[in-house]
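In this note's numbering, the protein residues as written are 1 to 98.
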């Protein structure tokens, strides 16, 4: 579970790097380097986050709705962190009996 939470934060930071890179490439028109670096990093972290989300969902017996929210959190920037905070505060990280 700790790995899932760490990857959620790392994914958000990679989103930030990618957004800065896209700004530099498309708005400022100065360099493509940010996209070249953060694009693959972000893509890799999204894949790791999705895999860990599925593993955590199975292990903690999350509902389909909670699992959907975890996976959907990869789309809008920084929502993996928002999901993590919500899951922690709502007790979604506690093991269910059974």
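Where a beta carbon is used, it is the ideal one built from N, C-alpha and C, also for glycine.
Predicted model only: the values in this text are computed from it and were never measured.
_Alpha carbons only, please: which of 25, 7, 34 is nearest the one belonging to residue 17?_
The sequence position of residue 17 within the chain shown is 17, counting from 1. With distances taken between Cα atoms, residue 17 lies closest to 34.
What does the Cβ neighbour count give for residue 42, buried or exposed, with the cut at 16 atoms within 10 Å?
By one-based count along the chain shown, residue 42 stands at place 42. Counting Cβ neighbours within 10 Å, residue 42 comes out buried, since at least 16 surround it.
field: Rounded Cβ spacing between residue 80 and residue 74 (contact assumed at less than 8 Å)
entry: Numbered from its first residue, the chain shown carries residue 80 at position 80. Numbered from its first residue, the chain shown carries residue 74 at position 74. With a Cβ gap of about 6 Å, residue 80 and residue 74 count as contacting.
Q.
Looking at residue 77: is its Cβ nearer than 8 Å to the Cβ of residue 19?
A. Start at 1 with the first residue of the chain shown, and residue 77 comes out as number 77. Start at 1 with the first residue of the chain shown, and residue 19 comes out as number 19. Taking 8 Å as the Cβ cut-off, residue 77 and residue 19 qualify as a contacting pair.
Spatial neighbours of residue 30 within its chain, please: CB distance less than 8 Å, with the 5 preceding and 5 following residues excluded, ordered by chain position. Here residue 30 corresponds to residue number 30 of the chain shown, with the count starting at 1. If the five residues before and after residue 30 are omitted, its C-beta is found closer than 8 Å to the C-beta atoms of 24, all from its own chain and listed in chain order.
How many Å lie between residue 28 and residue 40 at the Cα?
Here residue 28 is taken as the residue at index 28 of the chain shown, counted from 1. Here residue 40 is taken as the residue at index 40 of the chain shown, counted from 1. Linking residue 28 to residue 40 through their CA atoms gives a straight-line distance of about 21 Å.
*asked:* Rounding to the nearest angstrom, what Cα-Cα distance links residue 48 and residue 13 in this structure?
replied: Position 48 of the chain shown holds residue 48. Position 13 of the chain shown holds residue 13. Residue 13 has its alpha-carbon roughly 14 Å from the corresponding atom of residue 48.
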